[in-house]
């Protein structure tokens, strides 16, 4: 049986950065398993620019960002196996893989970094009535068809959901000669980045219909059109507001879900708030030696944050492999409170903290002039005022290690609303 | 005249307030870095964008490309059309020029991925 010090599951931005940092921390025997035919993950189909401003101080496209890491993987001579699907991970860190060159194989690892990324919420999870005609795609599937296969799925498009992929695809389809009739968003705000609303919708005069949803899909064999209706504050469609949009393509950009089937089969405890593993400050899951980073942990909006997180996961996996003692003492629970939907990590081993602890989270609504406050009881560990906090932007605070000395029990992360 | 803009320089999306006189920005506020100020000035006087799309190679595989710099917003469709009519031969390396001087903008279109076959 082949044995590795570190097995990295997934060769996207998270997996590559984790493998690189583990190698730089001195771990020789590493492998990356990647099911696609090249490294890079989802970045390979994200041909638009806007990646890497934090990491490289320049604006790159997805493939360019990926290639910088892939080149580094090559330079460091880190082995990676393409066309290799991981079928199962077990608690004792045996990994079952399948590939055309090796067939089914079981390998063993001292540590594992989970970096499988996320997938799109499909139509079946949305509960839209109507038949199942050809012409309904998730936005990411359409993106792959257009950018990687050179196939344009349709000519008249409605997009449901204003997540970033939906916005990017509105522009992409327009540049490919399609007519994008509308982007329809259930919530009263877009879940995409503001810059994408400006340069993907406003630039091309594509309407964004907030507080609206698709209530019916017409067409039996082939999509003919969709009915869009306004929704009330409880997100229920308002009768009489239906409007018919003829279209041959409906793209769904309705959220991303961390892809944790493997984590689940390994017995990793998952958070219902993030759909990703519970981790501590070292990004270790509840199974010793199994770490998680990137979109499999929680869905990110910036790849720069994925890379940064993955570097920490790789470095901590290296420490574990080198024999770092188990976490001392009882963990401090991190509790999301007012206005905070979740936190990553969800627990901290304060006695082993030697550097600033990142706490990442999303807010539950739009907050203007509010403050992020991290507290232990009445003791304030952190406070930062912001002009605007929105659910589409992941927030990242760093708690100084000296603030955590002697902290026990639980700490809370909350949004303190400013004067209205 | 005051104009409100959202900076597209990075994913932060700063809300900019721009004081405009005679079609030029005279003051910019709300930005957190120099990019925001530059964006506001050019967005008021002559808006530009980086264009990203694909060029279908001779072998049929799409090659992702981008304009190596900003091009006038009004030229976007012309640039895309010219890229559509270009069919590079593989292999292509990241940074290879696919269309020089796209649509007379003086900006080259470059491959953003190494595509071997």
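Protein chains in written order, with my numbering: chain X, 1290 to 1709; chain H, 85 to 201.
Beta carbons: idealized from backbone N, C-alpha and C, even for Gly.
Between the C-alpha atoms of residue i and residue j, what's the straight-line distance to the nearest angstrom?
i	j	result
residue 1554/X	residue 1569/X	20 angstroms
residue 1310/X	residue 1399/X	16 angstroms
residue 1532/X	residue 1525/X	15 angstroms
residue 188/H	residue 1411/X	43 angstroms
residue 1697/X	residue 112/H	46 angstroms
residue 1509/X	residue 1539/X	14 angstroms
residue 169/H	residue 1516/X	37 angstroms
residue 1543/X	residue 1413/X	11 angstroms
residue 97/H	residue 90/H	6 angstroms
residue 1702/X	residue 1665/X	9 angstroms
residue 1599/X	residue 1393/X	28 angstroms
residue 1692/X	residue 1514/X	57 angstroms
residue 61/H	residue 197/H	Limits of chain H in this structure are 85 at one end and 201 at the other, which puts residue 61/H out of reach.
residue 1359/X	residue 183/H	26 angstroms
residue 171/H	residue 141/H	5 angstroms
residue 1566/X	residue 1312/X	24 angstroms
residue 1302/X	residue 1332/X	8 angstroms
residue 1378/X	residue 1494/X	48 angstroms
residue 1330/X	residue 1374/X	13 angstroms
residue 1682/X	residue 1290/X	44 angstroms
residue 1481/X	residue 1295/X	35 angstroms
residue 1556/X	residue 1574/X	10 angstroms
residue 1435/X	residue 1500/X	29 angstroms
residue 1492/X	residue 93/H	15 angstroms
Keeping to the same chain, check which residues put their C-beta closer than 6 angstroms to that of residue i; ignore five residues upstream and five downstream.
i	result
residue 1498/X	1471 and 1473
residue 1562/X	1631
residue 1343/X	1593
residue 110/H	103
residue 1505/X	1418, 1419 and 1516
residue 121/H	112 and 115
residue 1402/X	1297, 1307, 1580, 1602 and 1606
I'd like the span of the alpha helix (DSSP H) that includes residue i, first residue to last.
i	result
residue 1374/X	Note, residue 1374/X: premise wrong, no alpha helix (DSSP H); beta strand (DSSP E) at 1374-1378.
residue 126/H	118-129
residue 89/H	Note, residue 89/H: premise wrong, no alpha helix (DSSP H); beta strand (DSSP E) at 86-90.
residue 1593/X	1592-1610
residue 1553/X	1550-1555
residue 1464/X	1453-1464
Per DSSP, what are the beta-bridge partners of residue i in this structure?
i	result
residue 1340/X	1349/X
residue 1392/X	1388/X
residue 54/H	Chain H is shown from 85 up to 201; residue 54/H falls before or after that span and cannot be answered.
residue 1664/X	1669/X and 1701/X
residue 1446/X	1469/X and 1538/X
residue 1437/X	Paired residues: none, contrary to the question.
residue 1533/X	1516/X
residue 1362/X	BP columns for residue 1362/X are empty, so no partner.
residue 1625/X	1702/X
residue 1649/X	1633/X and 1685/X
residue 199/H	176/H
Give the DSSP-derived three-state secondary structure of residue i in the structure shown.
i	result
residue 1279/X	Since the displayed chain X opens at 1290 and closes at 1709, residue 1279/X lies outside it and no answer follows.
residue 1690/X	helix
residue 1470/X	strand
residue 1545/X	strand
residue 1420/X	coil
residue 1397/X	strand
residue 1583/X	helix
residue 1487/X	helix
residue 1643/X	coil
residue 1638/X	coil
residue 1332/X	helix
residue 1656/X	strand
residue 182/H	strand
residue 157/H	helix
residue 1294/X	strand
Where do the ends of the beta strand (DSSP E) carrying residue i lie?
i	result
residue 1630/X	1629-1633
residue 1573/X	First-last for residue 1573/X: undefined, no H or E at that position.
residue 161/H	Residue 161/H -> not in any beta strand (DSSP E); alpha helix (DSSP H) instead, spanning 160-168.
residue 134/H	Run containing residue 134/H: none; DSSP gives neither H nor E here.
residue 113/H	108-113
residue 195/H	193-195
residue 1676/X	No beta strand (DSSP E) contains residue 1676/X, which DSSP labels as neither H nor E.
residue 102/H	99-105
Is residue i near the ligand ATP, judged by its Cβ being under 8 angstroms from some heavy atom?
i	result
residue 1550/X	No copy of the ligand ATP occurs in the structure displayed, which carries no ligand at all.
I'd like the list of long-range same chain contacts for residue i, defined as Cβ closer than 8 angstroms, with 5 residues on each side in sequence excluded.
i	result
residue 145/H	174, 199 and 201
residue 1629/X	1650, 1651, 1652, 1653, 1702, 1703 and 1704
Near residue i, what residues of its chain come up, given a Cβ to Cβ distance below 7 angstroms and the 5 sequence neighbours on each side ignored?
i	result
residue 1609/X	1400 and 1578
residue 1686/X	1648, 1661, 1663, 1671 and 1673
residue 1588/X	1407, 1545 and 1547
residue 1596/X	1302, 1306 and 1344
Distance cutoff 9 angstroms, beta carbons only. Does residue i sit that close to anything in chain C?
i	result
residue 155/H	Considering every chain present, this structure includes no chain C. Its protein chains are X and H.
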